[in-house]
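Worksheet for the structure shown next.
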Amino acid sequence: MSHRSDTKTSAQDQPAWHTMEAVEVEQRLQSAAAGLSEAEAVARRSVYGENRLAPPKTRGPLMRLLAQFHNILLYVMLASAVVTAALGHWVDTGVLLGAVVINAIIGFIQEGKAEAALVAIRAMLPTHATVIRGGSRRQIDASELVPGDRVLLASGDRVPADLRLITVKELRVDEAALTGESLPVDKTVDPVAEHAALGDRHGMAYSGTLVVFGQATGIVVATGAATELGRINQMLSGIRQLATPLLRQVDRFGRILALVILALCAATFMLGTLWRGHPAAEMFMMAIALAASAIPEGLPAIMTVTLALGVQRMARRNAIVRRLPAVETLGSVTVICSDKTGTLTRNEMTVQRVVCAEQHFEVSGVGYAPQGECNLGGQPVAPEQYPPLALAIRSGVLCNDARLHEENGQWHIDGDPTEGALLVLGGKTGLTAKLAAEAWPRLDSIPFESQHCFMATYHQDQDGAPWIFVKGAPERVMDMCDRQLSTTGDQPLDPDYWRRMATDIAARGLRLLALGYKQARPLHGQLGMEDMQSGYCLLALVGIIDPPREEAIAAVADCHRAGIQVKMITGDHAETARAIGAALDIGIGKPAITGAEVALMDDASLRQAVQNVDVFARASPEHKLRLVQALQDSGQVVAMTGDGVNDAPALKRADVGIAMGLKGTEAAKEASDMVLADDNFATIATAVREGRAVYDNLKKFILFMLPTNGGEALVIIAAILFELTLPLTPAQVLWINMVTSGTLGLALAFEPAERGIMTRRPRPPGQALLSGFFVWRVLMVSVLMMTGALGLFLWEMNTTGDLQTARTLAVNAVVMAEMFYLLNSRSIFAPVVNRAGLTGNPYVLLAIGTCVLLQLSFTYTPLMQDLFGSTALTPVEWLKVIGAGLLVFFVAELEKVVMRRTSLASSDCSSAY
Ligand code: ATP
1 MSHRSDTKTS AQDQPAWHTM EAVEVEQRLQ SAAAGLSEAE AVARRSVYGE NRLAPPKTRG
61 PLMRLLAQFH NILLYVMLAS AVVTAALGHW VDTGVLLGAV VINAIIGFIQ EGKAEAALVA
121 IRAMLPTHAT VIRGGSRRQI DASELVPGDR VLLASGDRVP ADLRLITVKE LRVDEAALTG
181 ESLPVDKTVD PVAEHAALGD RHGMAYSGTL VVFGQATGIV VATGAATELG RINQMLSGIR
241 QLATPLLRQV DRFGRILALV ILALCAATFM LGTLWRGHPA AEMFMMAIAL AASAIPEGLP
301 AIMTVTLALG VQRMARRNAI VRRLPAVETL GSVTVICSDK TGTLTRNEMT VQRVVCAEQH
361 FEVSGVGYAP QGECNLGGQP VAPEQYPPLA LAIRSGVLCN DARLHEENGQ WHIDGDPTEG
421 ALLVLGGKTG LTAKLAAEAW PRLDSIPFES QHCFMATYHQ DQDGAPWIFV KGAPERVMDM
481 CDRQLSTTGD QPLDPDYWRR MATDIAARGL RLLALGYKQA RPLHGQLGME DMQSGYCLLA
541 LVGIIDPPRE EAIAAVADCH RAGIQVKMIT GDHAETARAI GAALDIGIGK PAITGAEVAL
601 MDDASLRQAV QNVDVFARAS PEHKLRLVQA LQDSGQVVAM TGDGVNDAPA LKRADVGIAM
661 GLKGTEAAKE ASDMVLADDN FATIATAVRE GRAVYDNLKK FILFMLPTNG GEALVIIAAI
721 LFELTLPLTP AQVLWINMVT SGTLGLALAF EPAERGIMTR RPRPPGQALL SGFFVWRVLM
781 VSVLMMTGAL GLFLWEMNTT GDLQTARTLA VNAVVMAEMF YLLNSRSIFA PVVNRAGLTG
841 NPYVLLAIGT CVLLQLSFTY TPLMQDLFGS TALTPVEWLK VIGAGLLVFF VAELEKVVMR
901 RTSLASSDCS SAY
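Structure follows, in structure tokens:
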């Protein structure tokens with residue numbers, strides 16, 4: 001192909017497409033009106049490659065490994081290794097260096113896993129493109145686009161490749177991603193001067209920018225790395241850095257803690273040497289032991305893994321988190337505002353009633369199979385006998401962008417299910433879309449936008465006469481009509497009759513559409529808003545059933561139990577919304593208000609209204625924004641769903657913006673914190689549950705980790721204060737920390753959601769993590785651990801005076817206490833002395849099993865005995881060790897009982913656990 005040499009994959013060599021007329025672009029890229037054939041597209045893809053941007057540059061493995069050493073604790077350990085080496089304590093030096101390396105490797109692997117999990121999730125959010133291939137319109141993955149493809153753009157789309165526009169209908173594009181210009185730019189098809197800046201190339205639409213209004217067709221001129229976006233190599237969608245408010249809080253806490261501990265170590269060293277006159281080498285080892293014991297080094301890495309695992313679990317259940325902080329916020333959501341159609345309902349639409357000026361027809365048949373008939377008074381009728389019915393059906397089929405097709409005996413709809421239902425109605429009466437379009441070809445159209453609530457098309461019949469059809473929300477269409485069609489011809493409109501009929505249909509929970517027509521040409525040749533003012537004749541009202549999803553009914557009940565209010569914000573008719581709401585247990589016995597009423601309210605009265613109203617009908621995106629604000633102003637934490645381009649501000653404003661994965665526009669997804677892969681309300685409830693579980697697990701891990709360090713630190717501090725021989729050597733302390741953070745603590749990241757997690761009230765937002773209760777629990781368990789370890793150490797020293805055995809006892813006592821406390825930590829307040837509590841998380845058992853083996857090797861293998869100065873224990877000594885573990889276990893369980901009973905923990909209990 002001749003054009004290939006022109007269109008190299010490097011953007012620098014690109015012809016100046018913006019300077020060419022559309023026809024020239026078509027010729028150069030050999031792109032006919034019917035688009036490329038499938039075979040040609042495949043051939044071009046092998047030349048140009050996939051339309052993908054290279055992933056953003058991440059740190060290489062070496063840099064990532066090195067970064068692990070950039071950590072206060074490791075600096076301290078490295079410095080200590082140098083000093084111990086200088087003092088000739090080679091074993092300690094070896095253990096310190098070993099610990100440094102192991103720590104870095106664990107951090108490296110865990111961070112790598114977390115990053116890989118997030119990258120995998122990013123790949124779950126593909127961008128789609130609508131193209132014309134082989135003469136028909138199709139949806140494909142945007143990565144399959146090749147130069148020469150014809151792409152259709154509509155409002156809300158992200159431009160999938162660099163396009164030269166060839167037809168444009170009021171197209172406005174937000175190019176901020178590329179040019180930084182925050183106001184949308186109007187597009188035309190005109191060429192511009194060669195040196196025009198990117199932002200002034202009005203005939204081009206660039207990859208990664210967002211269509212905020214209108215439609216267009218364009219020819220792909222560059223894909224992947226050859227696009228303008230590819231040149232600046234900016235990765236768009238995706239998950240940002242691995243940080244959330246909670247992680248940052250813990251990180252800050254960890255750093256302050258490390259500094260305090262270091263200061264304490266320095267003070268210990270100074271006081272010991274200068275005041276008490278101990279040898280510097282001995283005091284130095286004490287100080288190192290203290291530092292190693294008290295700093296919770298595993299904390300950040302395991303917290304990150306916990307978060308990544310939670311995000312992965314959510315993705316498996318169709319909730320794809322785009323911004324990590326949403327995981328935490330989900331746990332404190334108090335109100336979920338949901339769309340109705342497709343989220344709370346099944347979006348499987350079937351026309352059930354057609355109400356004309358004189359007759360009311362019932363339509364039989366369910367689902368998308370075009371089998372059924374129109375009945376009048378229970379008797380099947382042929383539409384030809386009733387001209388208003390026949391024309392209504394025809395207008396519904398013509399004023400339609402959906403496609404009905406059969407695959408393996410199953411009927412499917414491509415496009416808007418509301419429109420699909422009208423195609424099925426046509427099919428039931430023998431009027432297929434193909435037949436209708438051949439007889440009355442379409443010359444122009446105004447597609448449906450929820451802002452204006454109608455769609456219109458312009459046709460020519462067999463005699464060459466012009467027809468404009470409109471379908472949309474009844475109020476909207478009736479505004480344009482002054483006549484209505486009866487079997488005997490048209491007559492003046494009877495608005496009262498139609499309003500009564502509309503209320504009657506809507507009260508049955510049916511979705512409403514009105515159909516109208518006018519026999520006229522568009523005023524300016526092309527169909528525009530000026531043609532949609534008046535002069536129409538009303539044909540019929542159509543009632544479409546869209547049953548609620550069974551799982552949504554259950555999920556709404558779950559949310560109510562979890563103290564979360566569910567509000568329905570829909571573009572549908574108020575009566576329909578109320579009827580569907582009643583089926584879902586939303587807003588029963590409460591008034592429903594409409595967008596028009598919301599518009600009339602000032603902020604104060606809206607704040608009042610949002611407390612009492614659960615169903616908002618005929619609401620448009622700007623109402624959504626005001627509703628989110630009003631709810632937030634009254635102290636609620638709001639999750640809001642959305643799909644259209646105009647929903648973006650509300651999604652951004654909401655605490656958790658949730659976009660629809662299937663029917664949502666790219667603009668909505670871009671603005672959201674989370675995307676529902678299945679558009680299902682039940683998935684939101686699942687995500688809230690998972691969000692609560694992740695937060696719980698983070699808390700559980702902290703509550704496990706801190707006393708572990710606390711216990712060890714207390715043992716050392718006690719030894720220093722009472723001038724005892726160190727019960728744990730620095731090497732032993734490091735061993736304990738490796739074992740506990742590496743094996744034990746990680747198991748809590750896999751903890752499943754607790755049973756009653758959806759019966760608690762939402763966690764108050766901004767609740768401090770390290771509450772008074774937390775400090776108490778950490779101190780209590782630290783003291784218990786110290787009591788066991790120090791107790792056994794002193795007992796042994798006082799009876800036999802054997803330092804090696806005493807230290808081995810102390811180490812095993814601390815680890816045993818941790819193993820038991822890991823079981824306690826599976827739940828913060830609920831008892832674990834039951835089957836589910838003890839065996840519910842196999843990872844906990846696995847971790848304990850591994851830990852037992854490690855301790856046996858620590859105690860019995862000659863190598864470990866040499867390295868750590870440990871020695872074999874007798875069965876009786878093991879019983880003492882187990883006793884130290886049980887002490888922690890039972891006292892901690894007892895404390896939970898007391899906590900559950902007293903009001904002390906009631907706020908914590910009811911809100912977050
Ligand atoms: P939700 O906001 O819960 O998704 P919805 O789908 O009813 O509800 P919109 O899509 O904004 O909200 O639709 C508003 C109204 O516009 C509908 O009640 C219907 O009367 C009309 N309508 C919906 N789809 C079309 C369409 N494709 N063509 C013409 N009119 C439509």
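When you line the sequence shown up against the working numbering, it's residues 1 to 913, in that order.
Where is the CB? At the ideal position from N, CA and C, for every residue including glycine.
Looking at the DSSP output, T641 bridges to I658.
For V327, the closest alpha carbon among the candidates T503, L744, G208, M314 is that of M314.
Judged by their CB atoms, I544 and R511 are nearer to each other than the 8 Å cut-off. Rounded to the nearest angstrom, the gap between the Cα atoms of V335 and V250 is 27 Å. Within the same chain, Cβ atoms closer than 6 Å to the Cβ of L198 are found at T179, the five residues on either side in sequence being excluded. For the pair of segments examined, the stretch 686-696 was found not to touch the stretch 361-370: the number of CB pairs separated by less than 8 Å stays below three. By DSSP's assignment, G516 forms a beta bridge with V470, L538.
With a cutoff of 8 Å on beta-carbon distance, V305 and A114 are scored as near each other. The beta carbon of C453 sits closer than 7 Å to at least one heavy atom of ligand 1.
Here the distance from the Cβ of R578 to the nearest heavy atom of ligand 1 is not below 7 Å.
Nearest C-alpha to V615 among N834, R353, D339, F469: D339. For the options V131, P752, C337, E50, the alpha carbon positioned closest to that of G230 is the one of E50. In terms of CA proximity to T341, T570 leads the group F253, T729, T570. Excluding its 5 nearest sequence neighbours in each direction, A357 has C-beta neighbours in its own chain below 7 Å: P388, Q484, L485, S486, listed in chain order. When DSSP states are grouped into helix, strand and coil, M478 belongs to the helix group.
For A668, the closest C-alpha among the options G644, L676, L867, D679 is that of G644. Judged by DSSP secondary structure, H360 falls within the beta strand (DSSP E) whose first and last residues are 360-363.
Short note on F448: C-beta closer than 7 Å to some heavy atom of ligand 1.
Taking a contact to require three or more Cβ pairs closer than 8 Å, the stretch 561-578 and the stretch 618-628 qualify as touching. With respect to the C-alpha of L822, the residue from L631, D546, L846 having the closest C-alpha is L846. Inclusion of L53 and A193 in the CB contact set at 8 Å is not warranted, their separation being larger than that value. Inclusion of E419 in the 7 Å shell around ligand 1 follows from its C-beta lying nearer than that to a non-hydrogen atom of the ligand. Between the stretch 516-525 and the stretch 368-380, the count of C-beta pairs closer than 8 Å stays below three; the two stretches do not touch. Within the same chain, Cβ atoms closer than 7 Å to the Cβ of C559 are found at I336, V566, A685, the five residues on either side in sequence being excluded. Taking 7 Å as the cut-off, one finds at least one heavy atom of ligand 1 near enough to the beta carbon of A473.
Two segments are said to touch when three or more pairs of C-beta atoms, one from each, lie closer than 8 Å; by this definition the stretch 135-153 touches the stretch 199-218. DSSP places S332 outside any beta strand (DSSP E), giving it a letter other than H or E. Within the DSSP secondary-structure output, E406 pairs in a beta bridge with W411. Under the criterion of beta carbons closer than 8 Å, A473 and E575 do not qualify as touching, at roughly 13 Å. Per the C-alpha coordinates, the member of L703, D174, G310, T740 positioned closest to P325 is G310. For A129, the uninterrupted beta strand (DSSP E) segment begins and ends at 128-133. Remark: the C-beta of D416 is in contact range of ligand 1, defined as less than 7 Å to any heavy atom. Straight-line measurement puts the Cα of W440 at about 27 Å from the Cα of P380. Cβ-Cβ separation between M785 and V814: approximately 6 Å, consistent with a contact (criterion under 8 Å). M455 is bridged by DSSP to K471. In its chain, beyond the 5 residues on either side, A308, L309, V311, Q312 have a beta carbon closer than 8 Å to the beta carbon of A117.
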